[in-house]
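Counting with this note's numbering, you get residues 65 to 316 for the letters of the sequence shown.
Positions of the beta carbon are idealized from the N, C-alpha and C atoms, including for glycine.
Treat the numbers as computed from the prediction; the structure is a model and nothing was measured.
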Amino acid sequence: MNKICGLVICHNEEKNIEDCLKSILWCDEIVIADSFSTDNTLNIAKNYTDKIFQNEWKGFAAQRKFALSKTDSEWIFSLDADERCTSELASEIKSIIFSGNVSEDGFEIPRKSFFLNKWIRHGGWYPNYQLRLFRKSKAGVTDRLVHESYSVNGSKSRLKNDILHYTVTSVSEFVTRINSYSDLSALEKYGKRKTGFFQLLIFPGLAFLQQYILKGNFLDGKEGLMVSKFHMMTKLLNYMKIMEMQIKDKAN
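Quick look at the structure:
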(Lines of atoms letter the chains of each structure in order from A and count residues from 1; the text may use other names and numbers.)
(Lines give C-alpha, C1' and ligand atoms only; values in the text may rest on other atoms or scores of the structure.)
Protein backbone atom coordinates (compact mmCIF):
# COMPACT_ATOMS: atom_id res chain seq x y z
CA MET A 1 0.00 0.00 0.00
CA ASN A 2 1.18 3.53 -0.73
CA LYS A 3 2.19 5.48 2.37
CA ILE A 4 1.88 9.23 2.98
CA CYS A 5 4.21 11.36 5.07
CA GLY A 6 3.03 14.63 6.57
CA LEU A 7 6.05 16.93 6.34
CA VAL A 8 6.45 20.17 8.31
CA ILE A 9 9.36 22.61 8.66
CA CYS A 10 9.21 24.98 11.60
CA HIS A 11 10.95 27.41 13.93
CA ASN A 12 9.37 28.88 17.08
CA GLU A 13 5.83 27.93 16.08
CA GLU A 14 4.33 27.12 19.48
CA LYS A 15 1.15 29.05 18.54
CA ASN A 16 0.58 27.04 15.38
CA ILE A 17 2.26 23.66 15.52
CA GLU A 18 -0.39 21.72 17.47
CA ASP A 19 -3.30 22.59 15.18
CA CYS A 20 -1.11 21.89 12.16
CA LEU A 21 -0.09 18.44 13.39
CA LYS A 22 -3.60 17.53 14.51
CA SER A 23 -4.77 18.13 10.97
CA ILE A 24 -2.35 15.54 9.52
CA LEU A 25 -2.71 12.74 12.08
CA TRP A 26 -4.28 10.66 9.31
CA CYS A 27 -0.88 10.44 7.57
CA ASP A 28 1.14 7.23 7.95
CA GLU A 29 4.06 9.18 9.38
CA ILE A 30 4.76 12.78 10.42
CA VAL A 31 8.25 14.22 9.95
CA ILE A 32 9.29 17.59 11.38
CA ALA A 33 12.40 19.55 10.45
CA ASP A 34 13.03 22.16 13.13
CA SER A 35 15.69 24.88 13.02
CA PHE A 36 16.42 24.80 16.77
CA SER A 37 13.27 26.38 18.16
CA THR A 38 13.71 28.13 21.51
CA ASP A 39 10.04 28.21 22.51
CA ASN A 40 7.69 25.30 23.31
CA THR A 41 7.41 24.04 19.73
CA LEU A 42 9.33 20.80 20.22
CA ASN A 43 7.59 19.84 23.47
CA ILE A 44 4.25 20.17 21.72
CA ALA A 45 5.42 18.34 18.60
CA LYS A 46 6.65 15.34 20.61
CA ASN A 47 3.03 14.58 21.48
CA TYR A 48 2.35 13.85 17.80
CA THR A 49 5.52 12.32 16.37
CA ASP A 50 8.93 11.00 17.34
CA LYS A 51 10.40 11.85 13.94
CA ILE A 52 11.73 15.30 14.78
CA PHE A 53 15.00 16.37 13.21
CA GLN A 54 16.89 19.56 13.96
CA ASN A 55 18.99 21.34 11.39
CA GLU A 56 20.73 24.71 11.34
CA TRP A 57 18.79 27.24 9.27
CA LYS A 58 20.50 27.91 5.93
CA GLY A 59 17.47 29.16 4.03
CA PHE A 60 14.04 27.90 3.02
CA ALA A 61 15.20 25.78 0.09
CA ALA A 62 17.99 24.09 2.06
CA GLN A 63 15.64 23.31 4.94
CA ARG A 64 13.04 21.77 2.63
CA LYS A 65 15.73 19.57 1.04
CA PHE A 66 16.87 18.46 4.50
CA ALA A 67 13.31 17.70 5.56
CA LEU A 68 12.66 15.67 2.42
CA SER A 69 15.76 13.56 3.08
CA LYS A 70 14.33 12.42 6.43
CA THR A 71 11.13 10.89 5.03
CA ASP A 72 10.51 7.21 4.28
CA SER A 73 7.10 7.26 2.59
CA GLU A 74 6.48 7.16 -1.14
CA TRP A 75 4.13 10.16 -1.02
CA ILE A 76 4.83 13.48 0.70
CA PHE A 77 2.16 15.91 1.91
CA SER A 78 3.87 19.18 2.88
CA LEU A 79 2.38 21.80 5.19
CA ASP A 80 3.81 24.90 6.80
CA ALA A 81 3.16 25.34 10.51
CA ASP A 82 0.56 28.07 9.91
CA GLU A 83 -1.42 25.81 7.56
CA ARG A 84 -4.11 23.20 8.19
CA CYS A 85 -5.42 20.24 6.23
CA THR A 86 -9.21 20.11 6.20
CA SER A 87 -11.03 16.81 6.71
CA GLU A 88 -12.39 17.14 3.17
CA LEU A 89 -8.89 17.49 1.75
CA ALA A 90 -7.64 14.52 3.81
CA SER A 91 -10.46 12.36 2.44
CA GLU A 92 -9.74 13.48 -1.12
CA ILE A 93 -6.02 12.71 -0.78
CA LYS A 94 -6.60 9.28 0.74
CA SER A 95 -9.17 8.32 -1.87
CA ILE A 96 -6.69 9.13 -4.66
CA ILE A 97 -3.44 7.78 -3.21
CA PHE A 98 -4.86 4.63 -1.64
CA SER A 99 -6.72 3.73 -4.82
CA GLY A 100 -3.48 2.15 -5.98
CA ASN A 101 -3.87 3.52 -9.47
CA VAL A 102 -2.25 6.96 -9.49
CA SER A 103 -0.74 8.10 -12.77
CA GLU A 104 0.27 11.58 -11.56
CA ASP A 105 3.51 12.37 -9.75
CA GLY A 106 2.25 15.49 -7.97
CA PHE A 107 -0.88 17.43 -7.09
CA GLU A 108 -1.41 21.16 -6.71
CA ILE A 109 -3.82 22.13 -3.93
CA PRO A 110 -5.84 25.36 -3.63
CA ARG A 111 -4.89 27.41 -0.57
CA LYS A 112 -7.40 29.50 1.33
CA SER A 113 -5.44 32.28 3.08
CA PHE A 114 -6.69 34.37 5.99
CA PHE A 115 -5.68 37.93 6.87
CA LEU A 116 -6.69 38.83 10.45
CA ASN A 117 -9.13 35.88 10.35
CA LYS A 118 -10.77 36.97 7.08
CA TRP A 119 -10.54 34.77 4.01
CA ILE A 120 -9.04 36.90 1.23
CA ARG A 121 -10.67 35.79 -2.02
CA HIS A 122 -9.10 38.25 -4.46
CA GLY A 123 -5.82 39.94 -5.35
CA GLY A 124 -4.25 36.64 -6.40
CA TRP A 125 -4.66 35.16 -2.92
CA TYR A 126 -7.11 32.46 -3.99
CA PRO A 127 -7.00 29.76 -5.22
CA ASN A 128 -3.19 30.23 -5.24
CA TYR A 129 -2.49 26.59 -6.09
CA GLN A 130 0.48 25.05 -4.26
CA LEU A 131 2.33 21.83 -5.10
CA ARG A 132 2.07 20.07 -1.75
CA LEU A 133 1.38 16.39 -2.54
CA PHE A 134 3.99 14.52 -4.57
CA ARG A 135 6.04 11.37 -5.00
CA LYS A 136 9.33 11.63 -3.13
CA SER A 137 11.18 9.91 -5.96
CA LYS A 138 10.10 12.65 -8.40
CA ALA A 139 10.52 15.65 -6.09
CA GLY A 140 12.96 18.53 -5.95
CA VAL A 141 13.12 22.02 -4.45
CA THR A 142 13.37 25.24 -6.45
CA ASP A 143 16.61 27.01 -5.61
CA ARG A 144 15.33 30.42 -4.56
CA LEU A 145 15.96 32.57 -1.48
CA VAL A 146 12.27 33.41 -1.07
CA HIS A 147 9.03 31.89 -2.35
CA GLU A 148 10.87 28.63 -2.86
CA SER A 149 8.71 25.57 -3.48
CA TYR A 150 8.79 21.88 -4.18
CA SER A 151 8.92 20.81 -7.79
CA VAL A 152 8.05 17.57 -9.56
CA ASN A 153 9.74 15.96 -12.54
CA GLY A 154 6.61 14.37 -13.92
CA SER A 155 2.89 14.78 -14.48
CA LYS A 156 0.71 16.93 -12.23
CA SER A 157 -2.97 17.42 -11.53
CA ARG A 158 -5.08 19.55 -9.18
CA LEU A 159 -7.20 18.70 -6.17
CA LYS A 160 -10.52 20.33 -5.29
CA ASN A 161 -10.38 20.86 -1.52
CA ASP A 162 -8.39 23.56 0.27
CA ILE A 163 -5.43 23.95 2.57
CA LEU A 164 -6.25 26.59 5.20
CA HIS A 165 -3.50 29.18 5.61
CA TYR A 166 -3.55 31.46 8.67
CA THR A 167 -0.86 33.66 7.24
CA VAL A 168 -1.45 36.98 9.06
CA THR A 169 -2.68 37.08 12.65
CA SER A 170 -1.24 40.48 13.59
CA VAL A 171 -0.03 43.56 11.76
CA SER A 172 3.20 43.70 13.79
CA GLU A 173 4.17 40.14 12.91
CA PHE A 174 3.45 40.75 9.24
CA VAL A 175 5.60 43.89 9.18
CA THR A 176 8.51 41.83 10.55
CA ARG A 177 7.91 39.15 7.94
CA ILE A 178 7.75 41.45 4.92
CA ASN A 179 10.93 43.16 6.09
CA SER A 180 12.68 39.80 6.14
CA TYR A 181 11.20 38.66 2.82
CA SER A 182 12.16 41.92 1.12
CA ASP A 183 15.76 41.39 2.27
CA LEU A 184 15.84 38.01 0.54
CA SER A 185 14.00 39.25 -2.54
CA ALA A 186 16.41 42.18 -2.96
CA LEU A 187 19.41 39.86 -2.68
CA GLU A 188 17.90 37.53 -5.25
CA LYS A 189 17.13 40.31 -7.73
CA TYR A 190 20.21 42.46 -7.21
CA GLY A 191 22.39 42.44 -10.29
CA LYS A 192 19.52 41.24 -12.47
CA ARG A 193 17.79 44.60 -12.60
CA LYS A 194 18.65 48.25 -12.05
CA THR A 195 16.55 50.36 -9.73
CA GLY A 196 16.40 54.08 -10.24
CA PHE A 197 14.37 57.12 -9.21
CA PHE A 198 11.51 56.30 -11.60
CA GLN A 199 11.08 52.71 -10.41
CA LEU A 200 11.15 53.78 -6.77
CA LEU A 201 8.62 56.56 -7.40
CA ILE A 202 6.15 54.76 -9.65
CA PHE A 203 6.30 50.98 -9.39
CA PRO A 204 5.13 50.45 -5.76
CA GLY A 205 2.02 52.56 -6.41
CA LEU A 206 1.31 50.68 -9.62
CA ALA A 207 1.62 47.39 -7.71
CA PHE A 208 -1.01 48.64 -5.25
CA LEU A 209 -3.42 49.69 -8.01
CA GLN A 210 -2.97 46.42 -9.86
CA GLN A 211 -3.77 44.29 -6.83
CA TYR A 212 -6.46 46.51 -5.30
CA ILE A 213 -8.34 47.47 -8.47
CA LEU A 214 -7.47 45.09 -11.30
CA LYS A 215 -7.21 41.94 -9.17
CA GLY A 216 -10.18 42.89 -7.00
CA ASN A 217 -8.88 43.29 -3.46
CA PHE A 218 -11.39 46.11 -3.01
CA LEU A 219 -14.03 43.36 -2.86
CA ASP A 220 -12.44 42.07 0.37
CA GLY A 221 -13.31 45.17 2.37
CA LYS A 222 -10.94 46.84 4.80
CA GLU A 223 -8.82 43.70 5.03
CA GLY A 224 -8.43 43.75 1.24
CA LEU A 225 -7.22 47.35 1.44
CA MET A 226 -4.69 46.39 4.10
CA VAL A 227 -3.46 43.45 2.00
CA SER A 228 -2.89 45.71 -1.00
CA LYS A 229 -1.13 48.32 1.13
CA PHE A 230 1.19 45.64 2.48
CA HIS A 231 1.83 44.48 -1.09
CA MET A 232 2.86 48.03 -1.97
CA MET A 233 5.08 48.25 1.13
CA THR A 234 6.82 45.01 0.19
CA LYS A 235 7.54 46.30 -3.31
CA LEU A 236 8.75 49.63 -1.92
CA LEU A 237 11.14 47.94 0.52
CA ASN A 238 12.38 45.67 -2.23
CA TYR A 239 13.25 48.57 -4.55
CA MET A 240 14.78 50.61 -1.73
CA LYS A 241 17.02 47.75 -0.62
CA ILE A 242 18.22 47.11 -4.17
CA MET A 243 18.95 50.84 -4.46
CA GLU A 244 20.81 50.74 -1.15
CA MET A 245 23.07 47.97 -2.47
CA GLN A 246 23.66 49.91 -5.69
CA ILE A 247 24.66 53.04 -3.73
CA LYS A 248 27.06 51.07 -1.49
CA ASP A 249 28.65 49.31 -4.47
CA LYS A 250 29.14 52.62 -6.27
CA ALA A 251 30.76 54.12 -3.17
CA ASN A 252 33.23 51.25 -3.07
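Segment contact: the region 213 to 230 against the region 278 to 286, fewer than three CB-CB distances shorter than 8 Å; contact not assigned. Within the model, the alpha-carbon separation for GLY70 versus PRO174 is close to 17 Å.
One alpha carbon belongs to LYS134, the other to SER142, and they sit about 13 Å apart. Using a Cβ distance threshold of 7 Å, ILE311 and THR259 do not count as a contacting pair. Looking from the CA of ASP92, the closest CA among GLN118, ILE157, HIS186 and ARG185 belongs to ILE157. When rounded, the separation of the alpha-carbon atoms in ALA250 and ASN165 is 44 Å. The C-alpha of TYR193 lies about 14 Å from the C-alpha of ILE184. With a contact defined as Cβ atoms closer than 8 Å, GLU172 and LEU153 miss out at about 12 Å.
Closest option to ILE160, judged by alpha-carbon separation, among ARG148, LEU197, ARG128 and ALA125: LEU197.
Restricting attention to alpha helix (DSSP H) runs no shorter than 4 residues, the region 206 to 248 encloses none.
Scanning the region 127 to 167 for uninterrupted alpha helix (DSSP H) segments of 4 residues or longer gives 151 to 161, listed from N- to C-terminal end. For GLY218, the CB contacts under 8 Å within the same chain, skipping 5 residues up- and downstream, are GLU168, ASP169, GLY170, ARG199 and LYS202 in chain order.
Note on ASP144: 16 or more other CB atoms within 10 angstroms of its CB, so buried under the neighbour-count rule.
In this structure, SER177 keeps its C-beta atom at 7 Å or more from the C-beta atom of LYS67. In the DSSP assignment, TYR112 is bridged to no other residue.
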